[in-house]
Amino acid sequence: MVISRPFNMINDLNDTKYVWKIAVRIIDIWHVQLPPKSGHLEMILLDSETYSLPSI
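Numbered by the numbering used here, the letters in the sequence shown go through residues 2 to 57 in order.
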């Protein structure tokens, strides 16, 4: 029998735990590259309670 943890909302995220379980929708995503470094993705995440989180 496997018991999974419930999902956490974006507004509940903080530094008290190391592992979080979230379900989000990516509403915007883009690639950023500042030479000579390699690039990275940035995105805006949305949870089911419509809280958004800019993410790198």
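Ideal Cβ placement from N, Cα and C applies to all residues, glycine included.
Residues in the same chain with beta-carbon distance under 6 Å from residue i, minus the five sequence neighbours each way, listed in chain order, please.
| i | result |
| --- | --- |
| Met10 | Asp48, Glu50 |
| Arg26 | Leu47 |
Pick out whichever of the options has its Cα sitting closest to the Cα of residue i.
| i | options | result |
| --- | --- | --- |
| Ser5 | Asn12, Asn15, Lys22, Leu14 | Lys22 |
In its own chain, which residues sit with a C-beta less than 7 Å from the C-beta of residue i, not counting the 5 before and 5 after it?
| i | result |
| --- | --- |
| Leu14 | Trp21 |
| His32 | Gly40, Leu42 |
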